Amino acid sequence: MKALEDRIAQVLTADTAEEAFARFNAAMLDYGYDSNVYTLLTDHPSLGLSSTHGLAASYPAEWLDHYKANIYQKVDPVWQRLLESPTPFFWGDAVDRLAFASGVAEETKAAALRVMNEAAEAGVADGIGISYVNSRGEMAAVGLSRSREVKERRYETMAEVFLIATFFHEKYRSFLSRAPVPHLTDRELEVLLWACDNKTDAEIGDLLGITARAIRYHWSNIFRKLGVHGRVRAVVMAIQLNLICPQGIRPPCQG
Numbered sequence: 060m061k062a063l064e065d066r067i068a069q070v071l072t073a074d075t076a077e078e079a080f081a082r083f084n085a086a087m088l089d090y091g092y093d094s095n096v097y098t099l100l101t102d103h104p105s106l107g108l109s110s111t112h113g114l115a116a117s118y119p120a121e122w123l124d125h126y127k128a129n130i131y132q133k134v135d136p137v138w139q140r141l142l143e144s145p146t147p148f149f150w151g152d153a154v155d156r157l158a159f160a161s162g163v164a165e166e167t168k169a170a171a172l173r174v175m176n177e178a179a180e181a182g183v184a185d186g187i188g189i190s191y192v193n194s195r196g197e198m199a200a201v202g203l204s205r206s207r208e209v210k211e212r213r214y215e216t217m218a219e220v221f222l223i224a225t226f227f228h229e230k231y232r233s234f235l236s237r238a239p240v241p242h243l244t245d246r247e248l249e250v251l252l253w254a255c256d257n258k259t260d261a262e263i264g265d266l267l268g269i270t271a272r273a274i275r276y277h278w279s280n281i282f283r284k285l286g287v288h289g290r291v292r293a294v295v296m297a298i299q300l301n302l303i304c305p306q307g308i309r310p311p312c313q314g
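To convert a position in the sequence shown, counted from 1, into this note's numbering, add 59.
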């Protein structure tokens, strides 16, 4: 237990994001995981960052480049499993589950297996996946890997690395700058709230006592301020930034 506490303390006392990741990597070596990655599974409007595989990584650079160039996250069984649940898992379990899944096309299974085989050839053969989701629905993940596949799956080890990874995740995020939240007018927030209720521009105009043309003007300002295109994306972004609370029509969220 003392060794576990020491590893966590090393991560928590890091002075920079780079140092936190380096100390996390050193801790994972004690468990046999020689390369690791910290990934943003989804866009993070709260940080002003887009989804990216390898925000911090000690994976082989060639493999990361190859993975991104081929957009492997669309068929990677590990990535898909990370999106489904924050419960930590061994990569082999995700592969096995896909292999025996009914209703999944054989070409999808073949593509997933090809990704895992290529990863193994690149020195990323076996590992543990851990994902995290915050109150805004933003998802991040830690991937631990080793260069050789290990058949034995030790859940005691998984529990310890999960604990260390969770402290690392929070520590690393603490170094990332938070993006300034754009200011929306009360009228723009009203438009977004009514859009959550599936109202058309004409219906929103009637409810607010203004023309549909005026509503479109407000949408253009909303899109510009949030840096998005389209009503759905604007609504999602506003919710993620805690600008609106979609549970019925009510005032914007506070705090």
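Here a beta-carbon is modelled for each residue, glycine too, at the ideal position from N, C-alpha and C. Model, not experiment: these values are computed from the prediction.
Give the secondary structure of Y191 by DSSP, where H, G and I count as helix, E and B as strand, and everything else as coil.
-> Against the sequence shown, residue 191 aligns to sequence position 132. Note: Y191 maps to strand in three-state DSSP.
C-alpha gap between F221 and C304, whole angstroms = On the sequence shown, position 162 is the one that residue 221 refers to. On the sequence shown, position 245 is the one that residue 304 refers to. About 32 Å.
At what residues does the alpha helix (DSSP H) containing L266 begin and finish?
-> By one-based count along the sequence shown, residue 266 stands at place 207. Unbroken alpha helix (DSSP H) run through L266: D260 to L267.
Are H103 and A199 close, meaning C-beta to C-beta below 9 Å?
-> As a working note, residue 103 is residue 44 in the sequence shown. As a working note, residue 199 is residue 140 in the sequence shown. Their beta carbons are under 9 Å apart, which means H103 touches A199 by this criterion.
In DSSP terms, what S94 is bridged to = Against the sequence shown, residue 94 aligns to sequence position 35. Its beta-bridge partners are S204.
What is the residue span of the alpha helix (DSSP H) that H112 lies within?
-> Numbered from 1 along the sequence shown, position 53 holds the residue referred to as residue 112. H112: not part of any alpha helix (DSSP H); member of the beta strand (DSSP E) spanning T111 to A116, first to last residue.
Rounded distance between the beta-carbons of L300 and V209, thought under 8 Å = One-based indexing of the sequence shown puts residue 209 at position 150. One-based indexing of the sequence shown puts residue 300 at position 241. Actually they do not touch by this definition, with Cβ atoms about 42 Å apart.
Residues near A79 by beta carbon distance below 8 Å, same chain, minus five either side = By one-based count along the sequence shown, residue 79 stands at place 20. Hits under 8 Å: V70, A73, F227, K230, Y231 and F234.
Should the region 166 to 179 be regarded as contacting the region 133 to 144, the criterion being three or more beta carbon pairs within less than 8 Å?
-> At 8 Å Cβ cutoff, the stretches touch.
Would T75 be called buried (16 or more neighbouring beta carbons within 10 Å of its own) or exposed?
-> One-based indexing of the sequence shown puts residue 75 at position 16. Counting Cβ neighbours within 10 Å, T75 comes out exposed, since fewer than 16 surround it.
Is the beta carbon of P145 less than 9 Å from the beta carbon of I187?
-> By one-based count along the sequence shown, residue 145 stands at place 86. By one-based count along the sequence shown, residue 187 stands at place 128. No.
Less than 9 Å separating the beta-carbons of S204 and A224?
-> Counted from its first residue, the sequence shown places residue 204 at position 145. Counted from its first residue, the sequence shown places residue 224 at position 165. Going by C-beta atoms, S204 is not nearer than 9 Å to A224.
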